[in-house]
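Under my numbering, read the sequence shown as residues 83 to 168, first letter to last.
The beta-carbon is built from N, C-alpha and C at its ideal position, and this holds for glycine as well.
Encoded as structure tokens, the structure appears first; notes follow it.
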Amino acid sequence: MAYNLLNRGENKIDQFSKTVADLKNIKKCNVCGVFSEDDLCKYCSSSLRNRDVICVVEEFYDVEAIENTGVYNGLYHILGGHVSPV
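This is the structure we're talking about:
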């Protein structure tokens, strides 16, 4: 990654540095665990979501995959890893 940035020039390096520095403003939603800049993520804070349905997923990228379908309108709970069947 470093070689790639070095080949892209100073402007891209500055842009990348700013993006990485902005990561410190990201935290997990207090309710579901989705990454957010606020205490509540865009799903938990939305009055348009169906609060009677919760989809339990392993990781954040599972939420993104489900959201990309455009079908699900409930809330989420992120486990942050898999549950052992034992």
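C-alpha gap between residue i and residue j, whole angstroms
i: asparagine 86; j: isoleucine 148; result: 32 Å
i: arginine 90; j: serine 118; result: 29 Å
i: methionine 83; j: isoleucine 95; result: 11 Å
Integer-rounded CB distance, given that residue j should sit under 8 Å from residue i
i: glutamate 140; j: glycine 156; result: That belief does not hold up - the Cβ atoms of glutamate 140 and glycine 156 are roughly 17 Å apart, past 8 Å.
i: isoleucine 160; j: cysteine 126; result: At roughly 11 Å, the Cβ-Cβ gap does not stay under 8 Å, so isoleucine 160 and cysteine 126 are not in contact.
Where residue i falls: helix, strand or coil (DSSP)
i: leucine 130; result: coil
i: valine 145; result: helix
i: serine 99; result: helix
i: leucine 157; result: strand
i: lysine 124; result: coil
Nearest to residue i (by Cα), restricted to the options the options
i: cysteine 123; options: Asp134, Ile108 and Val135; result: Ile108
i: valine 135; options: Tyr154, Asn150, Ser129 and Phe142; result: Tyr154
i: tyrosine 158; options: Asn150, Asp121 and Asp144; result: Asp144
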